[in-house]
Amino acid sequence: MTASLQTSFWQEQADSLYPRVSHVIPAMEWPAFSEDIAAILALKEKRNAVILAHNYQTPEIFHCVADVTGDSLALARKAQEVEADVIVMAGVAFMAETAKLLNPSKTVLLPSVEAGCSLADSITAADVRLMRARYPGVPVVTYVNTSADVKAESDICCTSGNARQVIESLGVDEVIMIPDEFLAQNVAKETGVKIITWKGHCEVHERFTPEEIRQWRAAWPGLVVLAHPECPPEVVAEADFSGSTAGMSEFVASGKAGRVLLVTECSMSDNLAVEHPEVEFVRPCNLCPHMKHITLSAIRKSLEQMEVEVTVDPSVADRARLSIERMLAV
323 MTASLQTSFW
333 QEQADSLYPR
343 VSHVIPAMEW
353 PAFSEDIAAI
363 LALKEKRNAV
373 ILAHNYQTPE
383 IFHCVADVTG
393 DSLALARKAQ
403 EVEADVIVMA
413 GVAFMAETAK
423 LLNPSKTVLL
433 PSVEAGCSLA
443 DSITAADVRL
453 MRARYPGVPV
463 VTYVNTSADV
473 KAESDICCTS
483 GNARQVIESL
493 GVDEVIMIPD
503 EFLAQNVAKE
513 TGVKIITWKG
523 HCEVHERFTP
533 EEIRQWRAAW
543 PGLVVLAHPE
553 CPPEVVAEAD
563 FSGSTAGMSE
573 FVASGKAGRV
583 LLVTECSMSD
593 NLAVEHPEVE
603 FVRPCNLCPH
613 MKHITLSAIR
623 KSLEQMEVEV
633 TVDPSVADRA
643 RLSIERMLAV
């Protein structure tokens, strides 16, 4: 096949995807995406690559180029099953590190070095060692939204979807849960285990307030509110349901609500609207500035130039991997 025919083939493949996202991407905007999508589809075949995309990615990434989608737990599990040579993480740095830890022999690419995380940045390995010294013998449960260095100092990881299950699996009366203070406080209300917290927050979820939710309810009769457990406890208390992004997705799919407010990063509403056009989504638009560094053009460039490749310090890799594997075994 000639180069021009190949280009035409991949462009046709890209354009065939538009009907799926036409509900959330206006036709006039599609040309700005389609060329990059076509190039990415071709590059995935050339590099034997797969793209893992978090629920907070925009629809043109989530629905048009991603091979695996989901929350942190789903991506961690799926990363273990990947057979491709190259993994592109359409997410943030800690997710790419997790994929590399679980697939040390594969090339893992993070399309932007600026795709960090305020929560991950809120704690260091030295902080964990100080917590252990202050509370000797108390196991450390670490949210996956952390660096490999922090995971290496921990006993076990968790996600927002399995935090309670992980904590109760330890069979102890007290744990240290880091770094998300609000997640720990929300989980503490669901379990009899005493939880020692750390003052780390997600800059997206900490901005929501109970007053906002009450205003949305007043403006939108019949609104069902789903809140992420990284939100402050007083916000979660105003919601009809609280759960991980996977949990919220399952709730929407259940058909229990026709008008929904997702109290989380707003791209998730767009992605669910593609799959559930029958549901009306009220969108409070709090964007994650870190996730938004991942764009189609950045993914294309990373596959063209095979950068930025993710590495993990060998001195912490084995211990960090063990903390993740312990979580996956629960």
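Numbering (this note's numbering), first residue to last: 323 to 652. Quick reminder that beta carbons are idealized off the backbone N, C-alpha and C, glycines included.
Looking at the structure shown, is residue i part of a helix, part of a strand, or coil, going by DSSP?
i, result
"S566", "coil"
"I500", "strand"
"E597", "helix"
"H527", "helix"
"H615", "helix"
"V387", "coil"
"V343", "helix"
"V632", "coil"
"A375", "strand"
"V404", "coil"
Just how far apart, CA to CA, sit residue i and residue j?
i, j, result
"S338", "W352", "12 Å"
"V390", "H376", "9 Å"
"K473", "Y340", "40 Å"
"V460", "A540", "45 Å"
"D592", "P381", "7 Å"
"C386", "H527", "27 Å"
"K578", "D449", "43 Å"
"D477", "R454", "11 Å"
"M350", "L650", "43 Å"
"E503", "L441", "10 Å"
Near residue i, which residues of its chain fall below 8 Å by C-beta distance, leaving aside the five closest residues on each side in sequence?
i, result
"D471", "T446, A447, D635, V638 and A642"
"C607", "C588"
"S356", "Q333, A336, D337 and Y340"
Looking at the secondary structure, which residues open and close the beta strand (DSSP E) in which residue i lies?
i, result
"L432", "Where L432 is concerned, there is no enclosing beta strand (DSSP E), given that its DSSP letter is neither H nor E."
"L548", "V546 to A549"
"E490", "Element bounds for E490: not the beta strand (DSSP E) but the alpha helix (DSSP H), A485 to S491."
"T481", "Taken as a continuous stretch (DSSP letters only), T481 belongs to no beta strand (DSSP E), as it is neither H nor E."
"K516", "K516 to I518"
"R605", "No beta strand (DSSP E) holds R605; DSSP gives it neither H nor E."
"T464", "V462 to Y465"
"V585", "R581 to V585"
Kindly indicate the opening and closing residues of the alpha helix (DSSP H) around residue i.
i, result
"M453", "A447 to R456"
"I359", "P353 to R369"
"A412", "Unbroken run through A412 is the beta strand (DSSP E), V408 to A412; no alpha helix (DSSP H)."
"L441", "Counting along the chain, L441 falls outside any alpha helix (DSSP H), and DSSP gives it neither H nor E."
For residue i, count neighbouring Cβ atoms within 10 angstroms of its own Cβ and tell me buried if that reaches 16, exposed if not.
i, result
"H345", "exposed"
"Q379", "buried"
"V404", "buried"
"N467", "buried"
"M499", "buried"
"K366", "buried"
"T308", "Since the first residue of the chain shown is 323 and the last is 652, residue 308 is not available in this structure."
"G522", "buried"
"K623", "buried"
"P501", "buried"
For residue i, which residues of its own chain have a beta-carbon under 6 Å away from its beta-carbon, when the five flanking residues on both sides are left out?
i, result
"S564", "A549, P551 and V558"
"A421", "A401, I409, M411 and V430"
"D640", "none"
"S566", "D393, S482 and G483"
"E436", "H615"
"A398", "T420"
Can you list, in chain order, the residues of its chain whose CB lies under 7 Å from that of residue i, leaving out five sequence neighbours each side?
i, result
"A406", "N370, A371 and V372"
Any chance the CB of residue i is under 8 Å from a heavy atom of the ligand HEM?
i, result
"K516", "Absence of the ligand HEM from the depicted structure is noted, as is the absence of any ligand whatsoever, leaving it without description."
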